[in-house]
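Protein chains in written order, with the working numbering: chain A, 36 to 147; chain B, 158 to 274. All C-beta atoms in this analysis are idealised placements derived from N, C-alpha and C, irrespective of residue type, glycine included.
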Amino acid sequence: DQQVKQNSPSLSVQEGRISILNCDYTNSMFDYFLWYKKYPAEGPTFLISISSIKDKNEDGRFTVFLNKSAKHLSLHIVPSQPGDSAVYFCAALRGANSKLTFGKGITLSVRP
Amino acid sequence: DTAVSQTPKYLVTQMGNDKSIKCEQNLGHDTMYWYKQDSKKFLKIMFSYNNKELIINETVPNRFSPKSPDKAHLNLHINSLELGDSAVYFCASSPVLFTGTKQETQYFGPGTRLLVL
């Protein structure tokens, strides 16, 4: 039962343009939504999170938007840079048990 | 100085063997976790420990046994290895039980790639 879904396996974007990574979820009990970035042979690193009571959170070039009615969130990266090329995992958390549920990730390639 | 380290990085072994993966964090965190990333690339929580106490124990075969000798270490012992145990295993730690904020975020180790033949 996939509670967090990243339906696109990959995305290719030109350097300087916007990257939009999408994520859908099914469980309305999630308290927080997070994005992690992962380079090959490394563990995931935290990028940005958003509380379920907010609809937008911004940190530098990264903005996460949450649409609770649609059970959808997206990560916007503006402007995209070649160093952003990595796998991005969407994750959701139920604070009551600190259990993170991950999507299967999307590979972002930023072309110079 | 690696914040969360795992040994070994690669582990190739035969079915039926018993193996351990070690994890150490030097961040002074109270909470540690084990995740499994299977062939379909899903990262799934297996266990979490807070101050050496087991908090999360997902539906994991009892061949998997975590051991936390102290707050800085959470080792994973696997008995009678099976082909389906082949995966990447990630250790992680967080200052306290993770509730979603940046300040409490989990730090992941580089992963241990286990291949069972």
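Query	Result
Residue nearest to Leu272 of chain B in terms of C-alpha spacing, selected from B:Gln263, B:Ser250, B:Ser196, B:Lys224	B:Ser196
For Met189 of chain B: DSSP bridge partner residues	B:Tyr206, B:Ser250
Inter-stretch contact at 8 Å, needing at least 3 Cβ pairs: the region 87 to 105 of chain A / the region 36 to 44 of chain A	no
DSSP bridge partner residues for Pro223 of chain B (one or two, in chain order)	B:Leu233
Beta-bridge pairing of Ala126 of chain A - partner residues as DSSP gives them	A:Leu69, A:Phe137
Contact list for the region 182 to 205 of chain B against chain A, Cβ threshold 9 Å	Thr188, Tyr190, Tyr192, Gln194, Lys197, Lys198, Phe199, Leu200, Lys201, Ile202, Ser205
Nonlocal neighbours in the same chain, by C-beta distance under 6 Å from Leu233 of chain B, ignoring five residues either side	Ile178, Trp191, Pro223
Of the listed residues B:Asn236, B:Tyr206, B:Gln163, B:Thr256, nearest to Pro225 of chain B (C-alpha basis)	Here the sequence assigns Ser to residue 225 of chain B, which means Pro is not the residue at that position. Ranking the options by Cα distance to Ser225 of chain B, first place goes to B:Tyr206.
Own chain, CB closer than 6 Å to Ser144 of chain A, minus 5 neighbours either side, in chain order	Ser47, Ser120
Length of the line joining the Cα atoms of Lys201 of chain B and Lys134 of chain A	9 Å
Beta-carbon contacts of Phe265 of chain B that lie in its chain and below 6 Å, excluding the five residues immediately before and after	Phe247, Ala249
Rounded straight-line distance, which links the Cα of Pro117 of chain A to that of Ser43 of chain A	20 Å
When A:Cys58, A:Leu108, A:Val122 are compared against Tyr74 of chain A, the one with the closest alpha-carbon	A:Val122
is_contact[Lys259 of chain B, chain A] using C-beta, thresh 8 Å	yes
Closer than 8 Å to chain A by CB, Ile178 of chain B	no
Chain-ordered chain B contacts of Leu143 of chain A [CB-CB under 7 Å]	Simply none; closest approach about 14 Å.
Inter-residue Cα distance where the pair is Leu231 of chain B and Trp70 of chain A	25 Å
Element boundaries [beta strand (DSSP E), containing Ile55 of chain A]	54 to 60
Lys228 of chain B to Ile212 of chain B span [Cα, whole Å]	14 Å
Limits of the unbroken beta strand (DSSP E) element including Val113 of chain A	Here Val113 of chain A belongs to no beta strand (DSSP E), and DSSP marks it neither H nor E.
Where the beta strand (DSSP E) through Thr170 of chain B begins and ends	167 to 170
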